[in-house]
Amino acid sequence: MSEHKNTDLTVTDGSNELDRFPDPGMPEHKLRMADKDPKAAKRAEAQVVILFLISIVGTIAMLIAYFTIRPDGTTESVRNANLALGLGLFFALMGIGLAAVHWAKTLMSDHEKSEERHPQRSSDEVREAAVAVLKEGAEDSGIARRGVLKGAVVTALALFPLTIVVPLISSIGGDWDIAKFKHTIWRRGTRLAIDPTGKLLKPEDITIGSIVHVIPDVPAEERNSHHWITEKAKAIVLLVRLDQSELKEAPDRKSWSYDGIVAYSKICTHVGCPVALYERQTHHLLCPCHQSTFDVADGAKVVFGPAKRPLPQLPIMVDDEGYLVAQSDFDEPVGPSYWERLK
Ligand code: FES
């Protein structure tokens, strides 16, 4: 049963700023259906149980998807696997979240209480009283009396961590061969193609100030192979064209650009997010994850943020037919710098 207390309307001499405003008290308290009708309370309890059951099913579905849907390297299989994992996680979390909200709104204590502001640290008596109130709250939630609800909440909360722990544990002993991170599929003569259309690029296609996402143009059988998605992710490059006079190139890298066009790995050297935001005036490339900023005009050196080394540069040139091609693979591993420490 709910209760409602109106505070006294006290008007003082107004010497205190706050005293000039009478306390309007609290609006009339309205009882909820579940407070008035035991059947409504039962219904609400059943709804909360159903929501926890949805969470349990979501967790189990996520675990089943994790072990049964194995991407074979194609974009579609990765998309399907991620969709199944995502849906499982969505229902696991949504079930717990909605159940908690619905439980609090319909079944937990609905007492309205007003309290004066007081110094931040409460006295020992007040702290003890707070503990007593918390205990009363736990009592009020009725969890001790509602056996099915108790079972549902405990099961849902106990199962949910499995969505994180199981993938973590099962990755122990997985494929941790870091040698494959040292090379990409760029080779001398590999043409640069726009991602995702595959359109091949000539220098005249790239205007000053523009930025293009580029992948290696490889034969169809390579694109359909199971390792394509991994190789594509490692090899993705950003192509930027600057005014030649603005480029500060190291003497040994003067031949790595073509007519003001430079190509840098898109994988941030901090922890591997895709670098994406380009500011034309400053020639700065920004990684949205932790704001590492690279100066494209100056060897993609780090000018701000946690990254510790420049973005690796892909040497480029033009082939006999006028298409932009790679001169070779990157001369260093792409991605986070910790691969270097494991050399
Ligand atoms: S991953 Fe790019 S700044 Fe952290």
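Under the numbering used here, think of the first position of the sequence shown as 33, with each following residue one higher. Positions of the beta carbon are idealized from the N, C-alpha and C atoms, including for glycine.
Looking at the ligand FES, does it come within less than 8 angstroms of S155, judged from the CB to the closest heavy atom?
Position 123 of the sequence shown, counting from 1, holds the residue named residue 155. Result no, Cβ not under 8 angstroms from the ligand FES.
Determine whether the beta carbon atoms of I217 and D361 lie at a separation below 9 angstroms.
Here residue 217 refers to the residue found at position 185 when the sequence shown is read from its first residue. Here residue 361 refers to the residue found at position 329 when the sequence shown is read from its first residue. Contact: yes.
What's the gap between the Cα of R273 and the Cα of I238?
Numbered from its first residue, the sequence shown carries residue 273 at position 241. Numbered from its first residue, the sequence shown carries residue 238 at position 206. Their Cα atoms are separated by approximately 7 angstroms.
I268 vs H245 beta-carbon contact at 9 angstroms:
In the sequence shown, the residue the question calls residue 268 occupies position 236. In the sequence shown, the residue the question calls residue 245 occupies position 213. Yes.
In this structure, does DSSP put K264 in helix, strand or coil?
By one-based count along the sequence shown, residue 264 stands at place 232. K264: helix per DSSP, three-state reduction.
Near V366, what residues of its chain come up, given a Cβ to Cβ distance below 7 angstroms and the 5 sequence neighbours on each side ignored?
To locate residue 366, count along the sequence shown from 1; it is residue 334. Cβ neighbours of V366 beyond the five flanking positions: T216, K266, S297, I299 and P344.
Please confirm whether any heavy atom of the ligand FES lies closer than 8 angstroms to the CB of H316.
By 1-based counting over the sequence shown, the position of residue 316 is 284. No, the beta carbon of H316 sits no closer than 8 angstroms to any heavy atom of the ligand FES.
What residues match up with V357 in a beta bridge as DSSP calls it?
Within the sequence shown, the letter at position 325 stands for residue 357. DSSP, once it has assigned bridges, lists R223 and M349 as partnering V357.
Should A97 be listed as close to the ligand FES, given that the test is whether its C-beta is under 8 angstroms from any heavy atom?
Start at 1 with the first residue of the sequence shown, and residue 97 comes out as number 65. No.
Hey, out of D69, P228, Q79 and A358, whose CA is closest to G127's CA?
Counting from one through the sequence shown, the residue named residue 127 turns up at place 95. Checking every option, the nearest Cα to that of G127 belongs to Q79.
By DSSP, does S297 sit in helix, in strand, or in coil?
One-based indexing of the sequence shown puts residue 297 at position 265. Strand.
Which of the three DSSP states, helix, strand or coil, is assigned to K182?
Here the question's residue 182 lines up with position 150 in the sequence shown. For K182, the secondary structure class from DSSP, reduced to helix, strand or coil, is helix.
Can you say whether K340 is buried or exposed, counting buried as having 16 or more other CB atoms within 10 angstroms of its CB?
Locating residue 340 in the sequence shown gives position 308, counting from the first residue. Burial is judged here by how many other beta carbons sit within 10 angstroms of a residue's own beta carbon; K340 has fewer than 16 and is exposed.
From L85 to A184, what distance separates their C-alpha atoms?
For the purposes of this step, residue 85 is identified with residue 53 of the sequence shown, where counting begins at 1. For the purposes of this step, residue 184 is identified with residue 152 of the sequence shown, where counting begins at 1. The straight-line gap from Cα to Cα measures roughly 7 angstroms.
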